[in-house]
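A.B. asks: Chain order of the listed sequences is A, B, C and D. Following my numbering, the numbering of the first sequence begins with 1 at its first residue and continues without gaps. Following my numbering, the numbering of the second sequence begins with 1 at its first residue and continues without gaps. Following my numbering, the numbering of the third sequence begins with 1 at its first residue and continues without gaps. Following my numbering, the numbering of the fourth sequence begins with 1 at its first residue and continues without gaps. Glycine included, every Cβ here is placed at the ideal spot set by N, Cα and C. First, the structure itself, so that you have it in front of you.
Protein chains: 4
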Amino acid sequence: MHKVPIGVLGASGYAGRELLALIGRHPAMTLAFAAAGTRRGERAEVGDRVITFAATEDAPLGDAALVFSALPHGESAAWVGSARAAGAKVVDLSSDLRPGTGLAGAPAVPYGLTEVARDAVRGADVVANPGCYATAALLALAPLAARGLIAPGATVTINAASGVTGAGFTPRRDLLFAEVAEDFRAYALGNTHRHASEMRAVLASFGSDADLVFTPHLLPVARGILATILVPVAELPHDVLAPWREQYAGEPFIEITDEAPSLRDVTRRNVMRLTARPVAGVRRPMLQIIAAIDNLMKGAAGQAMQNANLVLGLDETMGLPS
Amino acid sequence: MHKVPIGVLGASGYAGRELLALIGRHPAMTLAFAAAGTRRGERAEVGDRVITFAATEDAPLGDAALVFSALPHGESAAWVGSARAAGAKVVDLSSDLRPGTGLAGAPAVPYGLTEVARDAVRGADVVANPGCYATAALLALAPLAARGLIAPGATVTINAASGVTGAGFTPRRDLLFAEVAEDFRAYALGNTHRHASEMRAVLASFGSDADLVFTPHLLPVARGILATILVPVAELPHDVLAPWREQYAGEPFIEITDEAPSLRDVTRRNVMRLTARPVAGVRRPMLQIIAAIDNLMKGAAGQAMQNANLVLGLDETMGLPS
Amino acid sequence: MHKVPIGVLGASGYAGRELLALIGRHPAMTLAFAAAGTRRGERAEVGDRVITFAATEDAPLGDAALVFSALPHGESAAWVGSARAAGAKVVDLSSDLRPGTGLAGAPAVPYGLTEVARDAVRGADVVANPGCYATAALLALAPLAARGLIAPGATVTINAASGVTGAGFTPRRDLLFAEVAEDFRAYALGNTHRHASEMRAVLASFGSDADLVFTPHLLPVARGILATILVPVAELPHDVLAPWREQYAGEPFIEITDEAPSLRDVTRRNVMRLTARPVAGVRRPMLQIIAAIDNLMKGAAGQAMQNANLVLGLDETMGLPS
Amino acid sequence: MHKVPIGVLGASGYAGRELLALIGRHPAMTLAFAAAGTRRGERAEVGDRVITFAATEDAPLGDAALVFSALPHGESAAWVGSARAAGAKVVDLSSDLRPGTGLAGAPAVPYGLTEVARDAVRGADVVANPGCYATAALLALAPLAARGLIAPGATVTINAASGVTGAGFTPRRDLLFAEVAEDFRAYALGNTHRHASEMRAVLASFGSDADLVFTPHLLPVARGILATILVPVAELPHDVLAPWREQYAGEPFIEITDEAPSLRDVTRRNVMRLTARPVAGVRRPMLQIIAAIDNLMKGAAGQAMQNANLVLGLDETMGLPS
C-alpha cells in the first residue's frame with residue numbers, strides 16, 4: 001500500500017512526540033521528516049526507530065504531502081505558509097490560525113473541532129487544530145448550543161485542570177518535579193487565558209451569546225484534562241444526557257457515561273468522555289458537566305490525526321486506536 | 001506551668017494524628033488520652049513519644065478538660081454528649097453539630113469559623129469545627145457578604161480540589177496509590193456534597209441570599225485544598241483585595257497576597273492564603289477568588305486548636321506556628 | 001477464525017485485569033469467564049466491554065481451553081488442579097508451583113521464564129509463571145550463568161524497586177496514596193522475600209552456586225520494576241554486553257541497550273530492557289546490571305501470555321504488541 | 001541576645017533555601033546576606049520575610065561571621081578563599097574541599113561528618129560538609145569500621161535512592177515533572193559517582209580496606225535518601241544493632257530503630273534513622289543496613305548547621321528541631 005509522506009515541525013515537544021508515535025503506527029502514513037528548533041540534531045526513540053531531529057529551516061517541506069506544525073504560538077503561521085507554498089497540506093496545532101486568538105492577517109481556515117466541523121475539515125488544505133482546553137469545553141458545550149439550551153445572557157463557568165505536559169517540554173524551574181509534586185495551582189487568573197478567547201469566539205459561532213469564565217489549573221500529573229462546567233439552561237432536559245447522546249451518536253471518539261469520568265478513563269486514548277447532572281439546590285436551572293480528555297491525544301495529536309485523515313481523504317479513525 | 005489535660009477521640013485518622021502532633025507541641029496542653037475505633041490497641045509515633053490508642057468506649061473522658069472529637073459523622077454527637085456529661089469541653093470536628101448538616105435534635109452550638117465567630121467561640125462549652133472545604137470557601141466569602149458586595153440573587157460558583165487525606169485514613173481501593181496517582185476526579189456531582197449545605201446555611205447567616213454551586217475534586221496529593229470561587233458582585237471594589245485586607249487586618253492565620261496562592265504555600269501551616277481578581281470579558285461584574293488551605297491544618301486540626309485555645313481562655317495562637 | 005476460549009481466575013486484581021485486557025486484544029483468544037473472590041458480582045470495564053466477575057467457585061472451568069490463575073499464593077494450586085480436571089491447560093501466576101517456593105506436594109511443572117525455558121513450556125499442560133522480581137533478576141543472570149561467568153562462590157546482590165501494583169489491589173492502609181506518595185521503603189529485610197528463594201532455586205538450576213542477597217523496595221509509582229544487580233565475575237567480558245546480545249539475539253521481548261533503562265522505557269510493554277557496566281574502583285572484577293520490566297506485563301500478564309501462546313501452539317508474540 | 005551575622009552563597013538552590021529557612025528560625029543567628037548566581041535579583045519568601053538575592057560577586061563577605069557556601073562544585077573553593085580572606089569562617093557544602101573529590105591544591109580541612117568528627121569541626125575555620133549520599137552511607141558504616149567488624153578485603157555494596165532536589169534547582173528537561181513522575185532510574189553507572197570517591201576516602205580513614213560499590217538512583221519524590229547497604233562482616237554481632245546503639249548513644253540526630261525506616265520518617269527532620277539485619281541464606285556473614293535521611297537536612301543544610309554551631313561555639317542542636 002502506498003503510504004502518504006508526513007512531516008512534523010516542532011517534533012521534539014510533547015505534542016510533537018505524540019504525533020511521531022501516531023504516525024509510526026499509522027497504516028497509511030510514513031514519516032517524511034521530523035524537525036525541531038532548539039533540539040535540532042538530538043535523537044529520539046520513536047517506536048522501534050531512532051530518528052534525528054532536523055532543524056526547522058532545513059525541513060524538506062516539499063517531501064511531505066501533509067505537515068503537522070506543533071511549533072510555538074507566534075512562530076507557526078509563517079511555517080504554515082512555507083509548507084503550503086511547498087505544496088503540502090497542513091494541520092496547525094498552534095493558536096496562530098484559530099478564531100479568537102489568531103495572528104493578525106492570518107488566513108481564515110477551518111477550525112478542526114472534528115466532530116463539529118467534519119465537513120469543513122474534509123475539504124480544507126489547512127486546518128487550525130483546537131487548543132486542548134478548548135476541545136474539552138467546546139465538545140461539551142456544542143450540543144447545548146446547537147439545541148438553544150444555554151440560557152440567553154448566561155455566564156458559563158469552565159474550571160479545568162491539566163497535566164503538566166500541557167505546559168510543554170521546556171526546561172522551566174516551575175515545572176520541575178520537586179516544584180509540581182504535591183502542589184496544585186490556578187493560573188491565567190481573571191479570565192485571561194488564550195483559550196478563553198478561543199472558546200468565546202467558537203461558542204459565538206455556535207449561536208450562543210453566553211459569557212464564559214475560564215480558569216485553568218496545573219495538576220501534578222503528566223497528562224490529562226478534566227473540565228468542570230456549569231451552564232445555566234433555559235430548562236433542564238428531560239433526559240439530562242440526551243443532548244450529547246443524540247449529537248454524538250455513533251461517534252467513535254466520544255463517550256457519554258452515567259458515571260463521572262476521570263483522567264484515568266481517557267489517558268493515552270483519543271476520546272472525550274463526558275457526563276452531566278442537573279444542579280440541586282439552586283433557583284435557576286443549571287447543568288453541571290464533567291468532561292475528560294487526554295491533553296496530548298484528543299486535546300492535540302489525536303484530534304490533529306483525525307483532521308489529517310479527513311484532509312487526506314482517509315478514514316477518520318485510521319491510526320487511532322479507540 | 002500547669003498543663004491542661006486534653007483528650008482526642010478518633011485519634012488514629014489523619015485529622016486525629018494532626019491533633020496529637022499539635023497537642024504534643026503545645027506549651028500549655030498535655031495529652032490525657034487518645035482513643036480510636038477499629039484501630040484501638042495500635043501504637044503510633046507522636047513526636048518523640050509512642051502512644052497506644054485506647055478504645056473509644058474506654059476513653060477516660062473525665063480526665064480531660066477538653067476533648068477533640070474527630071469521630072466519623074453520625075457517631076460523634078453521642079460522644080460529645082458523653083464528654084460534656086463527664087465535665088469536658090468539646091471541639092467537634094465532625095459535621096454532626098454544624099449548621100446545615102447537623103444531626104436532627106443535636107444542640108445548637110457556635111460554628112467555629114474562628115476569624116468570623118471568635119466571640120461566640122470564646123464563651124462556648126462545645127464548638128462545631130467547620131468542614132475543610134467550608135473553611136476555605138466561607139473565609140473567602142465572609143468579607144464580601146459582610147460588605148453586601150455579593151450581587152443579590154447571584155449564583156456563587158465554588159470549585160475546589162482536595163488532597164486525599166481529606167477522604168480519611170480508611171482502607172479503600174479507590175484511595176490506593178495506584179488508583180489516585182496520575183488521576184483527577186470530581187465527586188459529589190450535582191451540588192450534593194455535605195459541605196454545600198454547610199456553606200449555604202452559614203452564608204445565609206452572613207445575610208447573603210446567593211445560590212451556591214459546589215463541586216469538589218480529588219487531587220493526587222496528600223494534603224491541601226485549593227478553592228476557585230466566582231462571585232457576581234454588585235460592583236467591583238476599587239481595590240480588589242480591600243474587602244479581605246480590611247476584614248482580616250492583623251489576623252495571624254490569614255494571608256492576602258497579590259500572587260495566586262497554591263497548595264505549597266500553605267502545606268503544614270495553619271493559614272488561609274487568598275487572592276482575588278476582577279473577571280475580564282464578561283458583561284456583569286464578577287470576582288474570581290483563589291483560596292488555599294491545608295485541609296488537615298486550617299481545614300481541621302489547626303482551626304480546632306484555635307477554637308480550643310479560645311474555649312480554654314488561652315492565647316488563640318498557642319501551639320500553632322504561623 | 002476460531003478463537004480459543006480462555007478463563008481467568010483472580011481476574012479482579014491488577015494482574016487479572018491486565019490479563020483481561022490482553023485477552024480482549026488477542027486475535028485468537030476469546031474470554032470464556034472472569035472470576036474473582038471477594039469482588040464477585042462487581043462489574044469492570046475491559047476494553048469496550050463491561051463484564052461481571054463470577055465467583056471463583058462458579059467459574060465454568062470446563063468452558064475454557066486454557067485458564068490463567070492469578071489467585072493468591074496458597075489458594076491457587078487447588079484451583080489449578082480443578083482446572084486440569086476439567087480439561088483446561090493452566091498458566092499459574094501464583095508462587096504455588098514455582099521452584100523454591102512451591103507448596104508441599106504440588107506437582108513439578110515447567111517454570112515459565114519464557115526466553116530460557118521455551119521448549120519445556122511448549123509441551124506443558126501447566127506452567128508456573130515466574131514472579132515479577134524473579135523475572136527481572138533471572139533474565140539478567142541467565143546469560144552469565146550459561147557462560148560460567150559468575151565467579152564461583154560469589155555473592156550476587158540484587159536490589160530492586162517495584163511500583164505498588166506489585167503489592168496487589170487489596171485495600172491496605174499502607175498502600176493508600178497519602179502513605180506511599182513522597183515515600184520509599186525497603187521491605188522483606190534480611191533476604192527473606194519469597195522471590196529470593198525462587199531466584200536461588202532457579203539460579204542453581206542454571207549451574208551457579210552463587211549466594212543471592214535480594215532486597216525489594218516499594219516505589220511511589222503505579223507500575224514497573226528496576227533491578228540493580230552486582231555480579232562478581234570470573235573475568236570481565238571483552239564486550240560487556242556480549243553475553244546478553246548473544247543469548248537474546250532475535251528475542252522480540254528483550255532489549256539490550258547501551259544506555260541505562262528506566263521504568264519509563266518499559267511501562268505498558270512486554271519487554272525486559274537491560275544494560276551492564278564493568279564496576280570501576282574495585283579489586284575483583286564485577287559487573288553491574290540494570291534491568292527494567294513492567295511488573296504487570298513482562299513480570300506477570302505479558303509473560304503469562306507468551307507462555308499461554310506456546311502452550312496452545314500459537315505464535316509466542318500473538319496479542320503482545322512489542 | 002547578640003545574633004551572629006551569617007551569609008549564604010548559592011542561596012537560591014534547594015540547599016541554599018533550606019539554609020535560609022534554618023537561619024531564619026535560629027535563635028542566635030541573623031542573615032547578613034543571601035547571594036545567588038543566575039538568579040541574582042530575584043525575590044524569595046523566607047519564613048515571613050521577602051528577601052532579594054544579591055549577586056555572588058556583590059556579597060558583603062566581611063559582614064558575616066560565618067558563610068555557608070552552597071555554590072556548585074568547582075566554583076565554591078575560590079569563594080571559600082575570599083570569605084576566609086574577609087575574615088569569615090566557612091561551612092562549604094560543595095565537594096571542592098572534601099576527601100577523595102577535592103579540587104587539586106585545595107586546603108585540607110576537617111570533614112564535617114558531625115557525629116564522627118565533632119572535635120575536629122569544633123576548632124575549625126573551614127569545614128567541608130559531606131555529600132548527601134556520603135552522609136547516609138558513612139554514618140551507617142562508621143560504627144562497623146570503628147569496631148573492626150567489616151570483613152577484611154570485603155566489598156561493601158551501597159544502593160541508594162534520592163529525591164530530585166538532590167539534583168539541584170536547575171531547569172533541566174530530565175527533571176521536569178512529566179519526565180520524573182512514574183519513573184525510576186539508576187545513574188552514574190559503573191561506580192563512577194563523585195560520592196563513591198568521597199565514601200572510599202573517608203572509609204579508608206576509618207581504617208577499613210573494603211571496596212565500595214555505590215549505585216545512586218533518582219526517585220519520583222521531592223526529598224529524602226534511602227540507602228540499602230550490604231556489609232560482609234567478620235562475624236555477626238550478637239545484638240545486631242549494638243554497634244550503632246553504642247556509638248550513637250545520646251546523639252540527638254541519630255535514631256536506631258527495630259523497624260525499617262523510610263523517607264517519611266525523616267522528611268524535613270535533621271536525623272539519620274537506621275536499622276540493620278543479619279542476611280539469611282548466605283554462606284558468609286553479612287549485615288543489611290537501611291539508613292534514611294532527608295537529603296536537604298541531615299544530608300545538606302541541617303548537618304551544615306550542626307557544623308556551623310560547633311564552629312561558632314554554640315550548642316550543636318541550636319536552630320535544629322529534632
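If you measure beta-carbon to beta-carbon, which residues of the stretch 7-23 of chain C are closer than 9 Å to chain B?
C.D. replies: Of all residues in the stretch 7-23 of chain C, Y14 have a Cβ within less than 9 Å of some Cβ in chain B.
A.B. asks: For D:P130, count the other beta carbons within 10 Å of its own beta carbon; 16 or more makes it buried, fewer makes it exposed. Which is it?
C.D. replies: Result: buried.
A.B. asks: With a threshold of 8 Å between beta carbons, is B:T157 in contact with chain A?
C.D. replies: Yes, because at least one Cβ of chain A sits closer than 8 Å to the Cβ of B:T157.
A.B. asks: When you compare each of A:Y14, A:S12, A:R49, A:R273 to A:R25 by their alpha carbons, which one comes out closest?
C.D. replies: When each option's Cα is compared against that of A:R25, the closest is A:R49.
A.B. asks: State buried or exposed for A:R17, treating a residue as buried only when at least 16 other CB atoms are found within 10 Å of its CB.
C.D. replies: A:R17 is buried by the Cβ-count criterion.
A.B. asks: Under three-state DSSP, which class holds C:A55?
C.D. replies: C:A55 falls in the strand class under three-state DSSP.
A.B. asks: Straight-line CA distance for A:S69 to A:A137?
C.D. replies: Taking the straight line from one Cα to the other gives about 23 Å.
A.B. asks: Taking Cβ positions only, does D:T165 come closer than 8 Å to chain A?
C.D. replies: By this cut-off, D:T165 is an interface position.
A.B. asks: Taking Cβ positions only, does C:E323 come closer than 8 Å to chain B?
C.D. replies: The displayed coordinates of chain C run from 1 to 322. Any statement about residue 323 of chain C would go beyond what the structure contains.
A.B. asks: May I ask you to list, following chain order, the residues of the stretch 188-201 of chain A that have a beta carbon less than 9 Å from some beta carbon of chain B?
C.D. replies: Here the close residues are L189, G190, N191, T192, A196, S197, R200.
A.B. asks: Taking the DSSP output, what are the residues bridged to B:L241?
C.D. replies: BP columns for B:L241 are empty, so no partner.
A.B. asks: My understanding is that B:T155 touches B:V213, with C-beta atoms under 8 Å, so please give their C-beta distance in whole angstroms.
C.D. replies: The pair is a contact, with the Cβ atoms about 6 Å apart (cut-off 8 Å).
A.B. asks: Need the endpoints of the alpha helix (DSSP H) that C:G7 sits in, please.
C.D. replies: It is not in any alpha helix (DSSP H) - C:G7 instead sits in the beta strand (DSSP E) that spans 4-9.
A.B. asks: Within a Cβ cutoff of 7 Å, which residues of the same chain sit near C:A86, ignoring the five residues on either side of it in sequence?
C.D. replies: Answer for C:A86: L61, G62, listed in chain order.
A.B. asks: Kindly list the residues whose CB is nearer than 8 Å to the CB of B:R84, restricted to its own chain and excluding five residues on each side of it in sequence; keep chain order.
C.D. replies: Excluding sequence neighbours, B:R84 sits near V90, D125, V126.
A.B. asks: With a threshold of 7 Å on Cβ separation, who are the neighbours of A:A140 within its own chain once the five nearest residues in sequence on each side are excluded?
C.D. replies: So the qualifying residues of the chain are A227, I229, L274, I289, A291.
A.B. asks: Using beta carbons (cut-off 8 Å, strictly below), is D:D125 in contact with chain C?
C.D. replies: Answer no: the Cβ-Cβ gap between D:D125 and chain C never drops below 8 Å.
A.B. asks: Do you know offhand how far A:L175's Cα is from A:V164's?
C.D. replies: Whole-angstrom Cα-Cα distance: 7 Å.
A.B. asks: From D:L218, D:Q247, D:L310, D:L314, pick the residue whose C-alpha is nearest to that of D:V121; which is it?
C.D. replies: The shortest Cα separation from D:V121 among D:L218, D:Q247, D:L310, D:L314 belongs to D:L310.
A.B. asks: Let me check one thing: in DSSP terms, what residues is D:L66 bridge-paired to?
C.D. replies: Paired residues: D:I6, D:K89.
A.B. asks: If you draw a straight line from the C-alpha of B:G74 to the C-alpha of B:H193, how long is it?
C.D. replies: Going by the C-alpha atoms only, they are around 16 Å apart.
A.B. asks: Just checking, does the stretch 235-250 of chain B make contact with the stretch 242-256 of chain A on the three C-beta pairs under 8 Å criterion?
C.D. replies: As far as the Cβ criterion goes, the stretch 235-250 of chain B does not touch the stretch 242-256 of chain A, which means the pair count is below three.
A.B. asks: Run through DSSP, which three-state label would B:T257 get?
C.D. replies: Three-state result, B:T257: coil.
A.B. asks: Using a threshold of 7 Å, is the CB atom of A:A196 nearer than that to any non-hydrogen atom of the ligand MG?
C.D. replies: For the structure depicted, the ligand MG is absent and the ligand set is empty, with no information on it obtainable.
A.B. asks: So which of B:E235, B:G153, B:V221 has the shortest CA-CA distance to C:A178?
C.D. replies: Closest by alpha carbon: B:V221.
A.B. asks: Tell me the DSSP bridge mates of B:F33?
C.D. replies: The partner list for B:F33 (beta bridge, DSSP) reads B:G7.
A.B. asks: Assuming A:P232 is part of the beta strand (DSSP E), what are its boundary residues?
C.D. replies: Run containing A:P232: 225-232, per the beta strand (DSSP E) assignment.
A.B. asks: For A:P143, which option in A:L287, A:M297, A:G313 has the closest C-alpha, if you only look at C-alpha atoms?
C.D. replies: Of the listed residues, the one whose Cα sits closest to A:P143 is A:L287.
A.B. asks: Return helix, strand or coil for A:H217, following the three-state DSSP convention.
C.D. replies: In this structure, A:H217 counts as strand in the three-state DSSP scheme.
A.B. asks: In angstroms with no decimal places, state the Cα-to-Cα distance between B:A308 and A:P278.
C.D. replies: Those two C-alpha atoms are separated by around 40 Å.
A.B. asks: Which residues share a DSSP beta bridge with B:M286?
C.D. replies: Answer by DSSP bridge pairing, in chain order: B:P232.
A.B. asks: What is the rounded straight-line gap between the Cα of D:I158 and the Cα of C:R185?
C.D. replies: The straight-line gap from Cα to Cα measures roughly 15 Å.
A.B. asks: Can you tell me whether C:R98 is buried or exposed? The criterion is at least 16 other CB atoms within 10 Å of its CB, across all chains shown.
C.D. replies: Per the 10 Å Cβ criterion, buried.
A.B. asks: Checking contacts by CB at 8 Å: is A:G99 closer than that to chain B?
C.D. replies: Looking at the sequence itself, residue 99 of chain A is Pro, so the reference to Gly does not match. Judged by the 8 Å Cβ criterion, A:P99 is not in contact with chain B.
A.B. asks: Mind pulling the chain A residues with CB within less than 7 Å of D:P110?
C.D. replies: The premise fails here: D:P110 is roughly 31 Å from chain A at the closest Cβ pair, so nothing lies under 7 Å.
A.B. asks: Could you confirm whether any beta carbon from chain C is found closer than 8 Å to the beta carbon of B:M173?
C.D. replies: The displayed chain sequence assigns Arg, not Met, to residue 173 of chain B. Yes, B:R173 lies at the interface with chain C (some Cβ there is under 8 Å from its Cβ).
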